[in-house]
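J.: So for the sequence shown, this note's numbering puts the first residue at 385; every next one is plus one. We put the CB at the ideal spot given by N, CA and C, even for glycine. For clarity, every value in this text was computed on a predicted model and none was experimentally measured. Dropping a structure here in structure tokens format, bear with me for questions.
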Amino acid sequence: MVTVQKLINEEGLRVDGRRLDELRPIRMEVGLLANADGSAYIEHGKNKIIVAVYGPKEAQPKHVSLHDRAVVRCRYHMAPFSTDERKSPAPSRREIEISKVVREALEPVIFTEYFPRSMIDIFIEVLQSDGGSRCAAITASSLALADAGIPLRDLVVGCAVGKVEGKLVLDPSDIEDKLGEADMPIAFIPVLGKISLLQMDGMFTEEEFIKALNMAKEACMKIYALQKQTLKEKYLQVEKEVRESLTLKE
385 MVTVQKLINE EGLRVDGRRL DELRPIRMEV GLLANADGSA YIEHGKNKII VAVYGPKEAQ
445 PKHVSLHDRA VVRCRYHMAP FSTDERKSPA PSRREIEISK VVREALEPVI FTEYFPRSMI
505 DIFIEVLQSD GGSRCAAITA SSLALADAGI PLRDLVVGCA VGKVEGKLVL DPSDIEDKLG
565 EADMPIAFIP VLGKISLLQM DGMFTEEEFI KALNMAKEAC MKIYALQKQT LKEKYLQVEK
625 EVRESLTLKE
């Protein structure tokens with residue numbers, strides 16, 4: 385007899401102990417990589433992702449440049465040890481697809497018109513994956529762009545809502561993503577109030593879709609507050625170090 389794993393218990397708690405509308409723990413940090421123009425690290429649940437941004441810089445090769453704006457390139461890559469089974473280091477179709485959607489989610493907030501004939505490179509390395517890695521990658525990439533000093537209209541936040549055992553769950557983990565009935569990742573631009581990414585795997589009713597979208601937006605605002613706090617802490621620390629350095633010189 386095959387035992388079917390129950391993902392939501394009688395108390396309404398999920399496998400990891402969260403309630404249906406609860407985010408996983410999130411930790412962010414910026415400015416980790418000295419050799420990148422901007423960098424960020426995020427732990428979102430068990431996801432561990434580091435992002436490096438280079439640019440704006442002269443477009444190479446020349447034929448990829450645009451005369452009126454910067455070209456944004458993005459590479460999303462999962463390390464061979466990031467999943468339970470060893471993954472091939474070669475880029476998969478999924479990684480190529482996620483690279484594309486992450487780039488398209490971020491482009492609307494970048495003032496690319498300020499940097500004609502240049503390019504901005506975003507490198508995303510997933511060190512450990514646990515469901516929702518594309519959303520966490522968008523959140524971290526936005527921080528890395530800000531850390532690089534690239535002018536942005538706003539930060540971009542990623543979050544997903546899934547459907548598990550007929551119930552909507554916020555920020556599904558890997559097992560919920562695999563065994564659930566549906567999954568909807570979004571990228572939200574809070575100041576503009578716009579969605580720059582919306583994908584769906586599975587089926588929602590119209591009522592479920594509207595509720596899921598509102599759940600995701602509300603969660604994005606919580607993550608947005610963490611993003612701003614992370615940037616604020618970094619630059620308050622930089623200011624403190626500069627002041628201490630000037631004091632020592634005096």
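1. Spell out a yes or no on whether the stretch 499-512 and the stretch 444-454 are touching, meaning 3 or more CB-CB pairs, one atom from each, closer than 8 Å.
2. Applying the criterion that 16 or more other CB atoms from any shown protein chain within 10 Å of the CB defines a buried residue, is N598 buried or exposed?
3. Does the distance from the C-beta atom of I434 to that of A520 stay below 7 Å?
4. Near K618, what residues of its chain come up, given a Cβ to Cβ distance below 6 Å and the 5 sequence neighbours on each side ignored?
5. Look at L582 and A530 and say whether their C-beta atoms are less than 7 Å apart.
6. From K390 to T467, what does the alpha carbon distance come to, in whole angstroms?
7. For a quick check, are the C-beta atoms of P569 and R487 less than 7 Å apart?
8. In this structure, how does DSSP classify A443 when only helix, strand and coil are distinguished?
9. Kindly indicate the opening and closing residues of the beta strand (DSSP E) around S453.
10. Alpha carbon to alpha carbon, how far is V553 from D400? Give it in angstroms, no decimals.
11. Does DSSP classify M385 as helix, strand or coil?
T.: This is what the structure gives:
1. Yes, they touch.
2. Residue burial is scored here from C-beta neighbours: N598 has fewer than 16 other C-beta atoms within 10 angstroms and is therefore classed as exposed.
3. Cβ distance not < 7 Å, so I434 and A520 don't count as in contact.
4. So the list reads V414 and G415, once near-sequence residues are dropped.
5. Their beta carbons are not under 7 Å apart, which means L582 does not touch A530 by this criterion.
6. Approximately 23 Å, taken between the alpha carbons.
7. By the CB criterion at 7 Å, P569 and R487 fall outside the cutoff.
8. In this structure, A443 counts as coil in the three-state DSSP scheme.
9. In the sequence under discussion, the amino acid at residue 453 is Arg, which differs from the Ser named in the question. No beta strand (DSSP E) holds R453; DSSP gives it neither H nor E.
10. Distance between the alpha carbons of D400 and V553 is about 12 Å.
11. Because the pLDDT of M385 is 42, which lies under 50, any placement of that residue in the model is unreliable, and the number read from its coordinates should be weighed accordingly. Note: M385 maps to coil in three-state DSSP.
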